[in-house]
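With the sequence shown counted from 1, adding 86 to any position gets you this note's numbering. Backbone N, C-alpha and C fix where the C-beta goes; we use that ideal spot for every residue, glycine too. Computed from a prediction, not measured in an experiment: that's the story for all the values here.
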Amino acid sequence: MQSDIFSAEHQPVRSQKRWAKQNSRMLRVGFGPDVIAANGSMVSYIGQFDFKYEGSGGSMGKFMKKMVSGEGSNIMRISGQGEVYLAKQAQQVFLIQLGGDAITLNTRSLLAFDANLNWDIKSIGNAGIMSGGLFNLVLEGNGVVALSSDGDPLVLDASQRPVFVDPQAAVCWSANLVPQLKNDFKMGSLIGRGSGESFQLGFHGPGFVVVQPSEGVVGTVQAS
Numbered sequence: 087m088q089s090d091i092f093s094a095e096h097q098p099v100r101s102q103k104r105w106a107k108q109n110s111r112m113l114r115v116g117f118g119p120d121v122i123a124a125n126g127s128m129v130s131y132i133g134q135f136d137f138k139y140e141g142s143g144g145s146m147g148k149f150m151k152k153m154v155s156g157e158g159s160n161i162m163r164i165s166g167q168g169e170v171y172l173a174k175q176a177q178q179v180f181l182i183q184l185g186g187d188a189i190t191l192n193t194r195s196l197l198a199f200d201a202n203l204n205w206d207i208k209s210i211g212n213a214g215i216m217s218g219g220l221f222n223l224v225l226e227g228n229g230v231v232a233l234s235s236d237g238d239p240l241v242l243d244a245s246q247r248p249v250f251v252d253p254q255a256a257v258c259w260s261a262n263l264v265p266q267l268k269n270d271f272k273m274g275s276l277i278g279r280g281s282g283e284s285f286q287l288g289f290h291g292p293g294f295v296v297v298q299p300s301e302g303v304v305g306t307v308q309a310s
């Protein structure tokens, strides 16, 4: 049987590293310690594994925030021995090594992270928990975070002047940055890439913001 699908570029990338990109859109994780991953991100595995819904870790605060925001309810814990291949809608995959520092991630862009990392759900700006506002995932500690971007991302420096980002296009940002909601709505105007979004996230301070060239599946943005 002959086909270019059997060429070397389509064969698994062998690596001693626990986290290894197979190509720009697929990731292999060797086990090992447990991993927290986005639901539906597993595309293949070799070995013996358990996949189960990840609870709130015994924290009532996390449980309440998950109930109200919906964030964190789309993650699963992977445990076992072997290797798991992860991907998300053919989006590009990137790895971030945390060395005791922290990062804030839009959960739409979450692929996976080491289960030993501390995580929590945070509200954005003045969008409070009980108002059904905007929420994201904060990860901190020593370990790897895998994220996805719908297209080639752009890293913007927010230290010199404010950066404003459509909430659907924000991938991640420095955890020390505290985004503020900005309303640019004018009657009859469409803000963002055809989404009709009226709110943007404003960042200003020492740090970065990663933006993807897509708003993904557009939903309704609520704010207090």
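With a cut-off of 8 Å on the beta carbons, I'd call residue i and residue j a contact; round off their distance for me.
i      : j      : result
LEU263 : GLY291 : 5 Å
LEU191 : VAL115 : Not confirmed; about 17 Å, so no contact.
GLY288 : SER260 : Their Cβ separation, rounded to whole angstroms, is 14 Å, which puts GLY288 and SER260 out of contact at 8 Å.
SER165 : PHE135 : 7 Å
Going by C-alpha to C-alpha distance, which of the options sits closest to residue i?
i      : options                        : result
ALA176 : VAL129, VAL121, LYS138, GLY229 : VAL129
GLN167 : ASN109, ILE189, GLY133, GLU140 : GLY133
PRO265 : PHE285, SER235, ASN222, ILE210 : ILE210
MET112 : PHE285, SER235, CYS258         : SER235
LYS103 : GLY118, ASP90, SER89           : GLY118
GLN246 : VAL295, ALA173, ILE164, TRP205 : VAL295
ASP200 : GLN88, ALA124, GLN286          : ALA124
ILE189 : LEU267, LEU223, ILE164         : LEU223
THR193 : VAL170, LEU225, SER165, LEU172 : LEU225
LEU233 : MET87, HIS96, TRP105, ASP206   : TRP105
LEU196 : ARG100, LYS268, VAL121         : VAL121
GLN286 : SER300, LEU267, HIS96          : LEU267
Only counting the same chain, and skipping five residues up and downstream in sequence, which positions put a Cβ closer than 6 Å to that of residue i?
i      : result
GLY156 : Reliability fails at GLY156, whose pLDDT of 49 lies under 50, so the model's placement of it is uncertain and the value that follows must be treated cautiously. Excluding residues within five positions, none has a Cβ falling inside 6 Å.
THR306 : Because the pLDDT of THR306 is 35, which lies under 50, any placement of that residue in the model is unreliable, and the number read from its coordinates should be weighed accordingly. Here the set comprises nothing.
PRO299 : GLY237
PHE92  : none
ALA87  : It should be pointed out that residue 87 corresponds to Met in this sequence rather than to Ala. Closer than 6 Å at Cβ, skipping near neighbours: no residue.
Identify, in the order they occur along the chain, each residue of the same chain with its Cβ nearer than 7 Å to the Cβ of residue i, setting aside the five sequence neighbours on each side.
i      : result
SER110 : GLN178, VAL179
VAL297 : PRO239, LEU240, LEU242, VAL251, ALA255, ALA256, VAL257
LYS174 : ALA124, SER127, LEU197, SER234
ASN160 : ALA124, ASN125, THR193
PHE138 : It is worth fixing the name first, because residue 138 is Lys in this sequence and not Phe. The residues are MET162, ARG163.
ASN202 : PRO119, GLY227, GLY229
GLU95  : none
TRP205 : LEU223, VAL224, LEU225
ALA244 : LEU263, PHE289, HIS290, GLY291, GLY293, PHE294, VAL295
SER89  : none
GLU140 : ILE122, ILE161, MET162, ARG163
From the DSSP secondary-structure annotation, give me the bridge partner or partners of residue i.
i      : result
PHE56  : What the structure shows of the chain is the stretch from 87 to 310, and residue 56 is not part of that stretch, so it cannot be assessed.
PHE250 : GLY288
THR190 : VAL224, TRP259
LEU196 : LEU233
ASN160 : ASN160 is not bridged to any residue.
PHE137 : ILE164
ASN269 : PHE285
ASN109 : MET112
ASP206 : VAL224
VAL121 : ILE164, ASP200
GLY243 : For the sequence presented, residue 243 should be read as Asp rather than Gly. Note: ASP243 sits in a beta bridge opposite PHE294.
MET87  : Beta-bridge pairing links MET87 to no other residue.
SER130 : TYR171
Tell me whether residue i counts as near the ligand FAD, meaning its Cβ is closer than 6 Å to at least one heavy atom of that ligand.
i      : result
ILE122 : This structure does not include the ligand FAD; it has no bound ligands of any sort.
Give me, in chain order, the residues of the same chain whose beta-carbon lies closer than 8 Å to that of residue i; leave out the 5 immediate sequence neighbours on both sides.
i      : result
PRO98  : GLN108, ARG114
GLU169 : ARG114, VAL115, GLY116, PHE117, TYR131, ILE132, GLY133
- Task: Take every Cβ of the stretch 227–236, pair it with every Cβ of the stretch 180–198, and state whether three or more of those distances are shorter than 8 Å.
- Result: The stretch 227–236 makes contact with the stretch 180–198: 3 or more CB pairs, one atom from each, lie closer than 8 Å.
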